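Read the structure below first, then the notes.
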Amino acid sequence: MQKQVDPKADIILAIGMIFFSALVYWGSLELPPPRYEPLGSAAVPQGLAAIMAFLSVLLILRAMPHLKTFTSKENEVSDVTPRPLLAVLIFALTVVFIAILDLGLLSFIPAGILYMTAIGYFMTHRNLKRMPRFFVFSVLMVVGNYYLFTKVFYIDLP
Amino acid sequence: MEHLLASFVLLLQPIPLLLLFIGVASGIVIGSIPGLTATMLITLTLPLTFFMDSVNAITMLVGMYVGGISGGLIAATLLRMPGTPASIMTTFDGYPLSQKGHSARALGLGITASFIGGLISWMFLAVLSPPLAQLALTFGPWEYFTLVLMALVMLASLSQGSMIKALMAAALGMMVHLPGVDPSLGQMRLTFDIHNLEGGLSLLPVLIGAFAVSQIFKDIVVIDREPPPVKLERKGMLLSLADMKKYSGNFFRSSCIGTWVGLLPGIGANIAAMLSYTTAKNVSKEPEKFGTGHEHGIVAAETANNAAVGGALIPLITMGIPGSVVDAILIGALIMHNLEPGPLLFTTNPEIAYGVITAYLIGNIIMFGIMMFSVVHIARMLYIPRAYLLATILLFCIIGVFAVANRFFDVWIMLIFGVIGFIMERTKMPLGPFVIGFVLSPIAEMQLRSGLMATDGSLLPLFTRPFAATFFAISVLSLFWPLFIEWRNKNRNQTAA
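Chains as they are written, first to last, in our numbering: chain S, 1 to 158; chain Z, 1 to 497.
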């Protein structure tokens, strides 16, 4: 049985899609009208934006009646405690890692080892006893991948 | 026939055979781990295939496809956790049978059923593909446009959950492919003065983001979930001749259902398994036993999900239309190797078209061998600590995407699509139509515009060209049929009340 989606989430999703459609529509307005063929460059983006907006409105209309009657089943018994904050933290660390590489603050090997060790630390419940093993694993993975890509595939990593 | 034989000779060489073996083995391992799917593995392997010969690359990916779908049955049977969505139906009877102390028997049935499903669907693939490709050569832009339309609408209407969201996902996929050079006029559009957008959004960052990164973050949320311990022996895994005879009807019926469902554009192995399982239950003299560890249930589900892989490869190599999400990624792989998916593949690159057919057969044989002899060891992979696994995959996503064009823009795009994929997953907006929309969007647009140019803007060929009209009619029917069913059910309920 599929878990019901909160109608509020559906409405937010639909509004997001309407904004995205508006952006696409607005972006295609500056394209020139068709000259050599009947459709032109703007027709498909505008058509898709219109379809998306229409579907989003339909989604809102379908979600509205359930706004008052919907009850969250978040308290259902689960075999494991979800850790959404951990996912957010790992995501943030990933953003930092990519930014460091992109800005050239560190090269791939040290940044990669730090990044993997850090996410390993958080994913293993900040257990310091597991850290040495995870550190060795990170070194092997990062250095191994570095050599695989640079020496075998001839791709320069930052 | 000579091309088929030639491709056997080619693929039985040490290197392609080794790559096929690696593909199948890694597919089985990844497919067996709940949360990691064949789609994810194939997407992550795409950057590596850049450095391979096209035949070797496609062969390995097909091997992963076969292995990934088959591997799902291990966790489904032992832990009641489907390794892949295709093995959901296997949990219904595989797990209860395993709980009764017959794990080996349950796995043996699943593995053999997967193998036979693969063999029967290979026959369809080998026999139907060349004539279908010949037929597809007669298709013009209108046929192709309506075929893509049909694939998207059918996928949306058969997606589990809301059809509106599935259609939105397909439209979103198509819209995401819009920035960059207009395929017909070569004019820039929707780049918003961002220089990096001029080349459009590449396939890999979008795919890896939507499938792999989003899945990793989804798995991180439940990282503490540990599979319960299971005891497993190999004894009793091999089926007897009497068993084969007993299940022959089920094997054949489920293979036909699987192949047929796979053939339909955009519909994957999970629907095939569901349909086959329901049919087996409906024709059974003991339908009440289904769901309690009934062997026919395992046979029906596993035969059909593997047969669907072969069926789905038919529209892929003959028309360039994906039979499932994995096929959409395989289309992307062909494009990345400068190959044009579609009927011309049989004439321009027969080694690829027939290579896919042959790789599917050899892949199934390898799968059977690996699963039969090493399932006990593969089952241990289920207990690899998630932290190691997810950290490795995340690092590999970043390097893989960066390696393709040596630019960080792609890595950021991957991350953005990781978030989009995660949100889509949380709001039950299916990823399948999104990916298929993304892959097929340029084809649909180009064919529509070519068609309109040829007819001076007239849409009449949609109704006058037999194939185009048929595909268009199926699209319209697929769009409105679920709505009609919903309306009818509502009416019935009201009358009953």
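Just so you know, even glycine gets a beta-carbon here, dropped at the ideal spot from N, CA and C. Keep in mind it's a predicted model, so treat the numbers as computed, not measured.
Short CB-CB distance (under 8 Å) between residue i and chain Z
i      : result
S:V44  : yes
S:A9   : yes
S:I15  : no
S:L106 : no
S:G120 : yes
S:V143 : no
S:R83  : yes
S:M123 : yes
Residue i at chain S interface by Cβ criterion, 8 Å
i      : result
Z:I271 : no
Z:I411 : According to the sequence displayed, residue 411 of chain Z carries Val and not Ile. Yes, Z:V411 counts as interfacial toward chain S.
Z:S475 : no
Z:I33  : no
Z:M429 : yes
Z:G291 : no
Z:G457 : yes
Z:A391 : yes
Z:R253 : no
Z:E445 : yes
Z:D533 : Coverage of chain Z is limited to positions 1 through 497, which leaves residue 533 of chain Z absent and any answer about it impossible.
Near the ligand MG: residue i beta-carbon under 7 Å from a heavy atom
i     : result
S:Y36 : This structure does not include the ligand MG; it has no bound ligands of any sort.
Residue i: first and last residue of the uninterrupted alpha helix (DSSP H) it sits in
i      : result
Z:H294 : No alpha helix (DSSP H) holds Z:H294; DSSP gives it neither H nor E.
Z:L447 : Strictly speaking, residue 447 of chain Z in this sequence is Gln, with Leu absent from that position. Note, Z:Q447: alpha helix (DSSP H), 431-454.
Z:E486 : 466-496
Z:A583 : Beyond the ends of chain Z as shown, which are 1 and 497, falls residue 583 of chain Z; an answer cannot be given.
Z:E288 : Premise fails: Z:E288 is in no alpha helix (DSSP H) and is neither H nor E.
S:I155 : It is not in any alpha helix (DSSP H) - S:I155 carries neither H nor E in the DSSP assignment.
S:K8   : 7-29
Z:L263 : 241-263
S:A118 : 108-123
Z:S276 : 269-283
S:F147 : Note on residue identity: the sequence assigns Tyr, not Phe, to residue 147 of chain S. Unbroken alpha helix (DSSP H) run through S:Y147: 131-147.
Z:Y388 : 386-405
Z:K218 : 214-221
Collapsed DSSP secondary structure at residue i in the structure displayed
i      : result
Z:G180 : strand
S:M52  : helix
Z:L201 : coil
Z:M150 : helix
Z:R80  : coil
S:G83  : With the sequence shown as reference, residue 83 of chain S is identified as Arg, and Gly is not the correct amino acid for it. If DSSP states are grouped into helix, strand and coil, S:R83 belongs with coil.
Z:M89  : helix
Z:M381 : helix
Z:R234 : coil
Z:M188 : strand
Z:N338 : coil
Z:G35  : coil
Z:D327 : helix
Z:A169 : helix
Z:F51  : coil
8 Å contact criterion, which residue i and residue j should meet: CB distance rounded
i      : j      : result
Z:V411 : S:I98  : 5 Å
Z:A156 : Z:P433 : 5 Å
S:I119 : S:L93  : 6 Å
Z:I69  : Z:T59  : About 16 Å separates the two Cβ atoms, so there is no contact after all.
Z:I335 : Z:V148 : That pair is no contact at about 15 Å.
Z:M175 : S:V57  : Contact flag wrong, Cβ pair sits at about 16 Å.
Z:G323 : Z:L313 : 7 Å
Z:I223 : Z:A469 : Not confirmed; about 52 Å, so no contact.
S:R62  : Z:I164 : 7 Å
Z:N364 : Z:L12  : Incorrect: roughly 15 Å between the Cβ atoms, too far for contact.
Z:P265 : Z:M381 : Contact doesn't hold; Cβ gap of about 33 Å is too wide.
Z:G173 : Z:I436 : 7 Å
Z:Y383 : Z:P227 : 6 Å
Same chain only: Cβ atoms within 6 Å of residue i, ignoring 5 sequence neighbours per side
i      : result
S:V139 : I113
Z:V181 : none
Z:M81  : P34, A75
Z:G418 : G209, V213, S214
Proximal residues to residue i (C-beta, below 8 Å), its chain only, five neighbours per side dropped
i      : result
Z:Y277 : M89, F92, F290, G297, A300, A301, A304
S:I109 : V142, V143, Y146
Z:E198 : G180, V181, M188, T191
Z:G35  : Q215, K218, D219
Z:I420 : G209, A210, S214
S:F149 : I155, L157
7 Å Cβ shell around residue i - same chain, five flanking residues per side excluded
i      : result
Z:T318 : S129, L132, A133, A136, P343
Z:F112 : According to the sequence provided, residue 112 of chain Z is Thr. The question's Phe does not apply to it. If we look at Z:T112 and ignore the five residues flanking it on each side, its Cβ neighbours are L239.
Z:G94  : L73, A76, T77, A106, G110, I298
Z:A333 : L46, T49, A57, I58, L61
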